[in-house]
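>
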RNA sequence: GGUGGCAUAGCUCAGCUGGAUAGAGCACCUGCCUUCUAAGCAGGCGGUCCUAGGUUCGAAUCCUAGUGCCAUCACCA
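Residue numbers (my numbering): 12 to 625.
1. Which whole-angstrom value describes the C-beta separation of residue 386 and residue 403, a residue pair presumed to lie in contact below a C-beta threshold of 8 angstroms?
2. Bridge partners for residue 168 per DSSP, in chain order?
3. For residue 539, does the three-state DSSP call read helix, strand or coil?
4. Cα-Cα, which of 406, 446, 396 is closest to residue 461?
5. With DSSP collapsed to three states, give me the class of residue 401.
6. How big is the Cα-Cα spacing for residue 598 and residue 550?
7. Going straight from the alpha carbon of residue 5 to that of residue 107, what length do you get?
8. When the Cβ atoms of the segment 291-300 are set against those of the segment 328-344, are three or more pairs found closer than 8 angstroms?
9. Would you please state the rounded distance, in angstroms, between the beta carbons of residue 427 and residue 448? I believe it to be under 8 angstroms.
10. What does a CB cutoff of less than 7 angstroms around residue 531 pick up in its chain, not counting 5 residues either side in sequence?
11. Going straight from the alpha carbon of residue 242 to that of residue 209, what length do you get?
12. Using CA atoms only, rank isn't needed, just tell me which of 177, 538, 450 is closest to residue 486.
13. Just mark residue 589 as buried or exposed, buried being the case when its beta carbon has 16 or more other beta carbons within 10 Å.
14. Roughly how many angstroms lie between the CA atoms of residue 170 and residue 502, to the nearest whole one?
15. Only counting the same chain, and skipping five residues up and downstream in sequence, which positions put a Cβ closer than 6 angstroms to that of residue 423?
16. I'd like to check one pair, residue 548 with residue 558: are the Cβ atoms closer than 8 angstroms?
17. Thinking C-beta only, is residue 47 closer than 8 angstroms to residue 94?
18. For residue 431 and residue 439, I'd like the C-alpha separation in whole angstroms.
19. Going by the CB atoms, is the gap between residue 263 and residue 219 shorter than 8 angstroms?
20. Mind checking which residues open and close the beta strand (DSSP E) that includes residue 359?
21. So, residue 498 versus residue 604, is the Cβ gap smaller than 8 angstroms?
22. Among the candidates 615, 75, 481, whose CA atom is the shortest distance from the CA of residue 573?
23. Should residue 183 be labelled buried (16 or more other beta-carbon atoms within 10 Å of its own) or exposed?
24. In terms of alpha-carbon separation, which member of 127, 141, 177 lies closest to residue 134?
25. Quick one, are the C-beta atoms of residue 585 and residue 610 less than 8 angstroms apart?
26. Residue 370 to residue 378, Cα distance in whole Å?
27. Under the three-state reduction of DSSP, which class applies to residue 53: helix, strand or coil?
28. What do you get for residue 229, buried or exposed, if any count of 16 or more other CB atoms within 10 angstroms of its CB means buried?
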């Protein structure tokens with residue numbers, strides 16, 4: 012039984028004995044470092060149910076716990092805080108119970124019901140940028156966390172592969188491209204297409220300026236620029252299935268997909284199923300027609316279809332244009348329904364989309380609820396803050412975006428410079444080194460982004476490089492590498508001694524003392540740092556669950572940082588391999604190994620790899 | 001204007017369902033590498049938790065109002 016549950020029972024028991032009162036709950040918190048003890052029982056909240064002096068009540072409870080609970084070795088009361096000292100044996104026992112559990116912290120029996128996590132969902136007219144990186148890292152990580160918490164997860168995205176923005180790039184390429192291809196220019200396909208998106212905007216602005224100079228009203232000029240009209244015409248042709256336009260569209264999208272694939276691969280994210288807007292944009296229409304009959308929607312005189320959400324404190328929202336074409340909302344309705352059809356085991360969905368679309372998703376979920384879909388109540392918008400530059404918002408048309416590929420290259424380069432300065436990679440081949448630099452560079456970037464609460468905006472200053480010291484990815488990777496170094500030496504030193512480190516049964520060196528009784532009979536006790544480490548390890552499973560409930564990788568990042576800080580302090584203060592007492596040495600090596608495993612597991616949830624050396 | 005989010009050290013951020021003297025990192029200052037990797041450890045400096053009320057034994061945390069920043073309210077996505 013979990014210690015807190017046991018203590019809760021016992022506290023309730025003593026209160027019932029003394030006051031004939033059934034406490035609804037008992038509150039705990041970890042004891043602050045400045046006081047003696049491990050777990051603190053809060054007496055104040057009990058005063059609502061029973062009358063008395065908090066110090067006295069604390070004393071009564073403390074005495075009872077010490078007498079009745081083996082794990083409680085002592086206690087002290089300060090004000091309304093009952094600090095309980097937990098016996099080393101309890102912690103050792105706990106550690107022995109988890110040390111060989113390779114999936115520690117994870118729920119390995121997945122539930123029947125699946126959850127679909129959507130992320131990335133880019134437009135195919137320009138390359139991915141820093142904003143997409145945050146989106147991708149969050150989506151990937153949340154999917155991994157949900158999986159670890161016991162959910163069956165499908166990663167997906169909706170690729171916005173059609174629309175006027177795509178036509179703009181296509182038209183500009185036709186106009187100014189001279190038949191350029193990724194091959195002929197050695198450019199990534201998404202970059203090439205993105206260039207033409209910018210080229211379109213340039214030409215468009217020029218035309219608008221000319222018209223305004225010619226005395227035309229700016230608003231009219233913006234709508235009537237010839238190149239824009241042409242793009243709109245192209246969209247109509249695309250919708251009509253014009254062969255040439257569709258062929259060009261396929262070609263250019265193909266270039267973009269290849270480029271995206273490379274970026275995703277470098278970033279280390281993946282997907283289980285893909286949805287394309289061009290396949291799904293018509294789906295929602297039928298649903299809207301149905302909803303119209305059911306009275307969920309209504310038609311205005313001009314033929315457009317709307318939903319009235321004023322009862323919910325929202326506005327009216329359009330779901331179909333007067334010309335019968337679909338809007339974004341129409342398509343999202345269709346896509347959601349299609350996904351549940353495709354995967355009947357899916358009971359909920361998580362949409363990883365920036366907070367600028369909060370309203371859109373509020374409306375979408377409401378519509379699906381009103382349409383009577385039960386699963387609509389299990390839809391979540393993982394709404395995250397924008398990534399801003401010191402100059403403000405990133406704008407692709409103005410070229411102020413931080414490109415995803417460039418950023419990854421920069422980070423890798425910085426990691427390489429630092430590593431070379433430190434010069435600890437003797438014996439590594441050039442490819443091994445490059446792999447490591449990338450691992451560290453991306454570790455820094457990913458951690459930097461994921462440690463921040465998703466809903467908060469991030470200010471990214473390209474002038475200041477992401478740190479590699481302190482609360483950073485590389486710091487945690489470094490600690491992992493240190494641990495691996497210890498484990499390598501431990502094996503070299505005395506393989507026999509550490510047999511059970513690798514999970515093999517091996518011969519028991521210590522005669523009657525089995526691994527689960529390690530140190531239990533000893534008087535020496537645990538070093539305070541060892542105890543703190545075990546306590547921190549204890550928190551991992553609940554942290555995974557909490558992160559899953561809150562869809563927050565930041566909780567995992569912060570947990571890992573605390574664990575690693577604790578380990579480094581331990582590492583500095585006690586000798587591991589230099590310890591003479593064999594049992595202590597063995598415990599310390601095992602502790603180190605477990606910390607390493609948890610770092611690896613936790614970072615895996617963030618999509619960050621860990622190195623054996625660095 | 002309506003709605004939603006955010007506001008904590010010079011900077012970047014933690015602070016779980018209200019609990020003890022509000023914590024980290026960066027930056028700045030001081031120590032520690034002939035001993036398991038110094039991308040580290042130990043310590044110092046640094047706070048009107050946006051403001052004003054309220055609830056409570058107790059508020060950075062909950063409620064109300066205000067201020068500031070951001071987003072959104074399009075037959076855009």
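Where a beta carbon is used, it is the ideal one built from N, C-alpha and C, also for glycine.
Taking the geometry as given:
1. For the purposes of this step, residue 386 is taken as the residue at position 375 of the first chain. For the purposes of this step, residue 403 is taken as the residue at position 392 of the first chain. In fact, because the Cβ distance is near 39 angstroms, the residues do not count as touching under 8 angstroms.
2. Locating residue 168 in the first chain gives position 157, counting from the first residue. The partner list for residue 168 (beta bridge, DSSP) reads 285.
3. Along the first chain, read from residue 1 onward, the residue named residue 539 stands at position 528. In this structure, residue 539 counts as helix in the three-state DSSP scheme.
4. In the first chain, counting from the first residue as 1, residue 461 sits at position 450. Minimum Cα distance to residue 461 is reached at 396.
5. Indexing the first chain from 1 puts residue 401 at position 390. Correct three-state label for residue 401: coil.
6. Counting from one through the first chain, the residue named residue 598 turns up at place 587. Counting from one through the first chain, the residue named residue 550 turns up at place 539. Cα-Cα distance, rounded: 19 angstroms.
7. Because the chain here runs from 12 to 625, residue 5 falls outside it and cannot be looked at.
8. yes
9. Position 416 of the first chain, counted from the start, is the residue given in the question as residue 427. Position 437 of the first chain, counted from the start, is the residue given in the question as residue 448. That pair is a contact at about 4 angstroms.
10. In the first chain, the residue the question calls residue 531 occupies position 520. At residue 531, the pLDDT of 43 sits below 50, so the modelled position is not reliable and the matter cannot be decided from this model.
11. Within the first chain, numbered from 1, the residue matching residue 242 stands at position 231. Within the first chain, numbered from 1, the residue matching residue 209 stands at position 198. Roughly 14 angstroms between the two C-alpha positions.
12. In the first chain, residue 486 corresponds to position 475, counting from 1. Among 177, 538, 450, the Cα nearest to that of residue 486 belongs to 450.
13. For this step, residue 589 is matched to residue 578 along the first chain. Exposed.
14. For the purposes of this step, residue 170 is identified with residue 159 of the first chain, where counting begins at 1. For the purposes of this step, residue 502 is identified with residue 491 of the first chain, where counting begins at 1. Using only the alpha carbons, I get a separation of about 50 angstroms.
15. The count along the first chain starts at 1 and reaches residue 423 at position 412. Cβ within range, chain order: 448, 449, 452.
16. Along the first chain, one-based indexing puts residue 558 at 547. Along the first chain, one-based indexing puts residue 548 at 537. No, the pair does not count as a contact, with Cβ atoms beyond the cut-off.
17. One-based indexing of the first chain puts residue 94 at position 83. One-based indexing of the first chain puts residue 47 at position 36. Result yes, Cβ atoms of residue 94 and residue 47 sit closer than 8 angstroms.
18. Along the first chain, one-based indexing puts residue 431 at 420. Along the first chain, one-based indexing puts residue 439 at 428. Cα-Cα distance, rounded: 12 angstroms.
19. In the first chain, counting from the first residue as 1, residue 219 sits at position 208. In the first chain, counting from the first residue as 1, residue 263 sits at position 252. No, they are not a contact pair.
20. What you label residue 359 is simply residue 348 of the first chain in a count that begins at 1. Start and end: 357-365.
21. Here residue 498 refers to the residue found at position 487 when the first chain is read from its first residue. Here residue 604 refers to the residue found at position 593 when the first chain is read from its first residue. Yes, Cβ-Cβ distance for residue 498 and residue 604 is below 8 angstroms.
22. Here residue 573 is taken as the residue at index 562 of the first chain, counted from 1. Checked all of 615, 75, 481; the closest Cα to residue 573 is 481.
23. Stepping through the first chain from its first residue, residue 183 is reached at position 172. Result: buried.
24. What you label residue 134 is simply residue 123 of the first chain in a count that begins at 1. Closest option to residue 134, Cα to Cα, is 177.
25. In the first chain, residue 585 corresponds to position 574, counting from 1. In the first chain, residue 610 corresponds to position 599, counting from 1. Contact: no.
26. Position 359 of the first chain holds residue 370. Position 367 of the first chain holds residue 378. For residue 370 and residue 378, the distance between alpha carbons rounds to 12 angstroms.
27. On the first chain, residue 53 is found 42 positions in, with the first residue counted as 1. Strand.
28. Locating residue 229 in the first chain gives position 218, counting from the first residue. Exposed, by the Cβ-count rule.
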